[in-house]
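Chains as they are written, first to last, in the working numbering: chain A, 19 to 348; chain B, 19 to 348; chain C, -2 to 199; chain D, -2 to 199.
Using N, Cα and C, we set each Cβ at its ideal position, and we do this for glycine too.
Notes follow the structure.
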Amino acid sequence: MKMLINVAETVVADALRGLAAAHPELVVDVEQRVVVRRDAPVEGKVALVSGGGSGHEPLHGGFVGPGMLDGACPGEVFTSPVPDQMARAAAAVDSGHGVLFVVKNYTGDVLNFRMAAELAEDEGIQVASVLVNDDVAVTDSTFTAGRRGTGGTLFVEKIAGAAAEEGLPLERVEAVARRVVESSRSFGVALSACTTPAKGSPTFDLPPGELELGVGIHGEPGRERRPMMTSGEIADYALDVILEDLQPRLPVLVLVNGMGATPLLELYGFSAEVRRVLDEREVPVARTLVGNYVTSLDMAGCSVTLCQVDGELLRWWDAPVSTAGLRWGC
Amino acid sequence: MKMLINVAETVVADALRGLAAAHPELVVDVEQRVVVRRDAPVEGKVALVSGGGSGHEPLHGGFVGPGMLDGACPGEVFTSPVPDQMARAAAAVDSGHGVLFVVKNYTGDVLNFRMAAELAEDEGIQVASVLVNDDVAVTDSTFTAGRRGTGGTLFVEKIAGAAAEEGLPLERVEAVARRVVESSRSFGVALSACTTPAKGSPTFDLPPGELELGVGIHGEPGRERRPMMTSGEIADYALDVILEDLQPRLPVLVLVNGMGATPLLELYGFSAEVRRVLDEREVPVARTLVGNYVTSLDMAGCSVTLCQVDGELLRWWDAPVSTAGLRWGC
Amino acid sequence: MSEANLDADFFVRWLTAVAGLVDREAERLTELDSAIGDADHGSNMQRGFAAVATALTAAPPATPGAVLTTAGRQLISTVGGASGPLYGTLLRRTGKSLGGAPQVTAAELRAGLTAGVAAVGELGCSQTGDKTMLDALVPGVEALATSFDAAATASEEGALATVPIRAKKGRASYLGERSIGHQDPGATSSALLFAALAAVAR
Amino acid sequence: MSEANLDADFFVRWLTAVAGLVDREAERLTELDSAIGDADHGSNMQRGFAAVATALTAAPPATPGAVLTTAGRQLISTVGGASGPLYGTLLRRTGKSLGGAPQVTAAELRAGLTAGVAAVGELGCSQTGDKTMLDALVPGVEALATSFDAAATASEEGALATVPIRAKKGRASYLGERSIGHQDPGATSSALLFAALAAVAR
Ligand SMILES: Nc1ncnc2c1ncn2[C@@H]1O[C@H](COP(=O)(O)OP(=O)(O)O)[C@@H](O)[C@H]1O
Ligand SMILES: Nc1ncnc2c1ncn2[C@@H]1O[C@H](COP(=O)(O)OP(=O)(O)O)[C@@H](O)[C@H]1O
Ligand SMILES: [Mg+2]
Ligand SMILES: [Mg+2]
Ligand SMILES: [Mg+2]
Ligand SMILES: [Mg+2]
């Protein structure tokens, strides 16, 4: 498998060097793998820190900046970062008003962030954590590690980031983040598997004429495999699952997210089908975002995330944000 | 080849429906395939119209909005749009101060835009055109159709768009656009071929262990094929070709552009190597943009574009822009 | 050359026949374009001539000139790419030079096509030997002086003769040396125009 | 169980042996993780134990407890993923329960490991039968009551016994039924810990 890399061992460090070169508004510690806003700590503001395995770019490093995250910690490809990174990030961004950890629900992320919270609290930093688990493809039961965190993470980081920017205290920013988690549901499909630099071959086998319904962002298997479907059929299927679970009573934010290798032309076509289904189901759409935001390296496919929002959450969604990966209003 | 589509025949129309649903700030005529700013025509402003074959998204439809294009005309996948589209777009955006056509140098685009200019002029619209031909992989001689237009198009549309927004008259906006063309050079590489929906199989054969140096954004062949290279070697090669031709005396804008299927993680890593080479060559870098902007469907690979800028061009580059694909400062 | 007068209906039948031929040969045209272009010439021609046939059937123009200008306008409005404006110009210019006559002679058609082909070269800044549609159009029009069948043969031969040429215009020119050994898709579709003309004239 | 006293050097040799074994088995661990996880367990363990070996060689701690807490800290700081905190906690908690003694008996080690393994279950909210490292750790520690070799055998058997289990924790749990028939990578690496212990004790 050909990749635009030097060697597998340095992909994360190389990417961080590139991020640093392109974004002088970020402080990138390539050695320690910590990305923070240049103006951190922001006086009087609760800070948001997230992180996770690399390979999902622009998540999370691309979401560091005014209106979203204060710091991010990239791990090895598809491997949770270590607690030291998160504790270091927390120390770099804490203005004394506390830090919210935004954690995607994977065992590794959960455990490492938990340890990081202990380390940070030892340093006198007030820490709260919110667990993002929006992936309805996984049954949340005592028989699984619980729903995975995927596209909903973007909504959590954006909306809680705006709430923090407004000066809300830690408990309230945490509560906002939790509200967003409770309001978000995602479903992903893969048309092809992704290839990690370390392994060099696809992480799973997907026969030519089939697609994986309910795939995770690390190529985790989904609910089922089916013969290839049209984008209209995929939208019907994905929204069926999401809407059954979410049962929205409020307008929704829609994220049509590319997994990495699916052309934007196709993503926009798919989002037309998503809108069709939502219209048919009489679910009002407040905003739609289409693009590659929570990716899975070079996987072909997409995910849909809905987040139902009241006026307050919508206002925070619309609030200015200025990051490498998401930017508006400023 | 699996695609996230309904049928090949409707991909462009489907994508336009999706664009319309996601972007209420655009007026999308799905039938006539014209995308314009909702506030067009903007009083007192020269209007910019571009277009070309689809499959390069977000180019051009994703660059319609304040600070950049007033209108865009998407053709069939990899096929120039027809003159009627461009003439219609020109009529929709002209405030009486004239329209600048931004044309990528492909025979089809050139001929169709030329006819569109005649049609528009017949309607009393003042039209100027600028030809973007930044691809140094093609020898510009009487034996070719000339250099192709690729990544430089983004610089032209952004910078001339800012100049137009400032109220410059048509001849001066045209002159600015021409200055940007003269200051821009691109070079692209493919790690894999792209697949058009109509054909359904890769547009060219690239053996597993090789890459195509100097590829075009429609999968046109490049200068040579070589055994796979590291991202550092690719950066050395591409910038050698570009710098030999451009010989910049001013700081440069750098665009590290993904062809579609290359993960952002790799693009950032590659841009670190681009910066290394520019540092070694003592070429000062004014700004760097990394992402998928001028794509080639699901091709894996990237291109680099340099544009040397004086203070004025840099100011226009930094000026606010608010489009689906590029947004800052507003 | 026969003295038979060609009326509007003849021209409608000609272009409808082209539409049929292009439909049948679309895959081959795309295959040729795939080798030295961007694999769309077949679908481009199909889209264009289907629109031509529809327009001519819906409201058949009264004169040969009007048939051709209408058809040319349809091509320009529906094809895009390089071939749309070029073929559109070919038919429009030919149609214009036929004027408003209700019938034309084969000689008049030849004169008209000569003007049309010249306009193609002007628009495309191209000439024979560049490995383009001109390599089939020019010999085709010349042989029209003999007969429709001769024109079909000559344009077909012209298309075949593009194989060893190195492309100087259009997308194929990017290939340089590597364009040698492939038949030009546009020249191939041009030969279909003359094939249809001969068939309809029979 | 032998009465031999285990000093800091013994623990350094143990963990260095683990590093060697993990290095040798990395590909197999990743292969196992590829089937029911995300194909990184081998490289995770390699990275972690390489750092442990380096740290212990650079500045060998004076007591068994310090060796283990240092090693655990290294794992936590370098591995990431699920296995980093879990193995890190295992070694740290074991080390802490050994206190500051310069030498410990095998029985004391077993008591320490019992506490360490309990901490793993607590941190991971997991228990034996969930198809995790616990399925090798728990029987391994139990069999330590007999001998180091018995512990190696028991943990190896525990790892093998994960094959028919349906995963309830970690990444493999997403697979549901489809996790059945594959050996758990973490249980497999846990067995390596005991294999190294037995080898060093011989
Ligand atoms: N400058 C030109 N002059 C004449 N014919 C040209 C020129 N450029 C291209 N062509 C013709 O157009 C054909 C390609 O048409 P088509 O594939 O439909 O358009 P595109 O190249 O835009 O994809 C070529 O095979 C060639 O015959
Ligand atoms: N909750 C848990 N409790 C105990 N062990 C666990 C738990 N979750 C995962 N594991 C162990 O971790 C192993 C996976 O480690 P690794 O692949 O390094 O991390 P990740 O799953 O984050 O990629 C699994 O095989 C399993 O033995
Ligand atoms: Mg992992
Ligand atoms: Mg084309
Ligand atoms: Mg073509
Ligand atoms: Mg793993």
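Buried or exposed by the 16-neighbour rule on C-beta atoms within 10 Å, applied to residue i
{"i": "residue 30/D", "result": "buried"}
{"i": "residue 54/D", "result": "exposed"}
{"i": "residue 122/D", "result": "exposed"}
{"i": "residue 329/A", "result": "exposed"}
{"i": "residue 112/B", "result": "buried"}
{"i": "residue 1/A", "result": "A question about residue 1/A goes unanswered here, because the residues of chain A that appear run from 19 up to 348."}
{"i": "residue 219/B", "result": "exposed"}
{"i": "residue 56/B", "result": "exposed"}
{"i": "residue 142/C", "result": "exposed"}
{"i": "residue 302/B", "result": "exposed"}
{"i": "residue 99/A", "result": "buried"}
{"i": "residue 51/C", "result": "exposed"}
{"i": "residue 84/B", "result": "buried"}
{"i": "residue 265/A", "result": "exposed"}
{"i": "residue 103/B", "result": "buried"}
{"i": "residue 97/C", "result": "exposed"}
{"i": "residue 21/D", "result": "exposed"}
{"i": "residue 50/A", "result": "exposed"}
{"i": "residue 54/B", "result": "buried"}
{"i": "residue 36/B", "result": "buried"}
{"i": "residue 232/A", "result": "buried"}
{"i": "residue 347/A", "result": "exposed"}
{"i": "residue 174/C", "result": "exposed"}
Bridge partners - residue i, DSSP secondary structure assignment
{"i": "residue 228/D", "result": "Residue 228/D lies beyond the residue range present for chain D, which begins at -2 and ends at 199; the question has no answer from this structure."}
{"i": "residue 21/A", "result": "Per DSSP, none; premise fails for residue 21/A."}
{"i": "residue 326/B", "result": "270/B"}
{"i": "residue 245/A", "result": "228/A"}
{"i": "residue 306/A", "result": "272/A"}
{"i": "residue 213/C", "result": "Here chain C has residues from -2 to 199 only, and residue 213/C is not among them."}
{"i": "residue 119/A", "result": "67/A, 147/A"}
{"i": "residue 320/B", "result": "207/B, 276/B"}
{"i": "residue 299/B", "result": "DSSP, once it has assigned bridges, lists no residue as partnering residue 299/B."}
{"i": "residue 259/B", "result": "Note: residue 259/B sits in no beta bridge, so no partner."}
{"i": "residue 345/B", "result": "340/B"}
Give the residues from the stretch 203 to 214 of chain A that approach chain B closer than 9 Å (Cβ to any Cβ), ordered along the chain. Against chain B - using a Cβ distance shorter than 9 Å - the residues of the stretch 203 to 214 of chain A are 207, 209, 210, 212.
Residue ranges of each beta strand (DSSP E) within the stretch 39 to 95 of chain B, 3 or longer: List check, beta strand (DSSP E) in window: 44 to 47, 52 to 55, 65 to 72, 89 to 95.
Check each residue of the stretch 223 to 245 of chain B: if its Cβ is closer than 8 Å to any Cβ of chain C, include it; give the result in chain order. Within the stretch 223 to 245 of chain B, the qualifying residues are 234, 236, 237, 238, 239.
Which residues are close to ligand 6, meaning CB closer than 5 Å to any heavy atom, in chain order? Every residue passing the under-5 Å Cβ criterion appears here: 30/D, 34/D, 35/D, 37/D, 38/D.
Pick out the complete alpha helix (DSSP H) segments inside the stretch 142 to 220 of chain A, 4 residues or longer, and give them in chain order. DSSP runs (the alpha helix (DSSP H)) wholly in the stretch 142 to 220 of chain A: 170 to 183, 188 to 201.
Quick one: which residues of the stretch 75 to 98 of chain B get their C-beta closer than 7 Å to a C-beta of chain C? List them in chain order. Taking 7 Å as the cut-off between beta carbons, the residues of the stretch 75 to 98 of chain B near chain C are 93, 94, 96, 97, 98, in sequence order.
If contact means a Cβ-Cβ distance below 8 Å, which residues of the stretch 124 to 136 of chain A contact chain D? Within the stretch 124 to 136 of chain A, the residues whose Cβ lies closer than 8 Å to some Cβ of chain D are 124, 125, 126, 129, 130, 132, 133, listed in chain order.
Quick one, which residues of the stretch 0 to 28 of chain C are near chain B if we go by CB-CB under 9 Å, in chain order? For chain B, the residues of the stretch 0 to 28 of chain C that bring a beta carbon within less than 9 Å of one of its beta carbons are 27, in chain order.
Whole alpha helix (DSSP H) runs in the stretch 1 to 48 of chain D with 4 or more residues, listed along the chain? If we require 4 residues or more, the alpha helix (DSSP H) runs fully inside the stretch 1 to 48 of chain D come out as 5 to 33.
Positions along the stretch 56 to 78 of chain C whose CB lies within less than 8 Å of some CB in chain B: Those would be 73, 74, 75, 76, 77, 78, in chain order.
Interfacial residues, the stretch 82 to 96 of chain D to chain A, with Cβ spacing under 9 Å: Within the stretch 82 to 96 of chain D, those residues whose Cβ lies closer than 9 Å to any Cβ of chain A are, in chain order, 82, 83, 85, 86.
Going along the chain, which residues of the stretch 143 to 171 of chain C sit with their C-beta nearer than 7 Å to a C-beta in chain B? Near chain B, meaning a CB-to-CB distance below 7 Å, the residues of the stretch 143 to 171 of chain C are 165, 166, 167, 168, 170, 171.
Any residues in the stretch 105 to 122 of chain C with a beta carbon nearer than 8 Å to a beta carbon of chain B? Which ones, in chain order? Listed by position along the chain: 120, 121.
Report the residues of the stretch 166 to 185 of chain A with a CB closer than 9 Å to any CB of chain D, ordered along the chain. Answer in chain order: 166.
Determine which residues of the stretch 301 to 314 of chain A have a Cβ less than 9 Å from any Cβ of chain D, and write them out in chain order. Closer than 9 Å at the C-beta level to chain D, one finds no residue of the stretch 301 to 314 of chain A.
Report the residues of the stretch 168 to 199 of chain D with a CB closer than 7 Å to any CB of chain A, ordered along the chain. For the stretch 168 to 199 of chain D, which is checked against every Cβ of chain A, the residues closer than 7 Å are 168, 170, 171, 172, 175.
Please list, in chain order, the residues of the stretch 251 to 264 of chain A that have any C-beta partner in chain B closer than 8 Å. Going along the stretch 251 to 264 of chain A in chain order, one finds 252 with a Cβ nearer than 8 Å to chain B.
Using a Cβ-Cβ cut-off of less than 9 Å, list which residues of the stretch 139 to 152 of chain B approach chain A; keep chain order. Within the stretch 139 to 152 of chain B, no residue has a Cβ lying closer than 9 Å to any Cβ of chain A.
Give me the subset of the stretch 20 to 48 of chain A whose CB atoms are less than 7 Å from a CB atom of chain B, sorted by chain position. Residues of the stretch 20 to 48 of chain A with a Cβ closer than 7 Å to any Cβ of chain B, in chain order: 20, 21, 22, 23, 24, 29, 32, 33, 35, 36, 37, 39, 40.
Chain-ordered residues of the stretch 33 to 50 of chain C with a beta carbon less than 7 Å from chain B: From the stretch 33 to 50 of chain C, only 35, 36, 37, 40, 41 have a Cβ closer than 7 Å to chain B.
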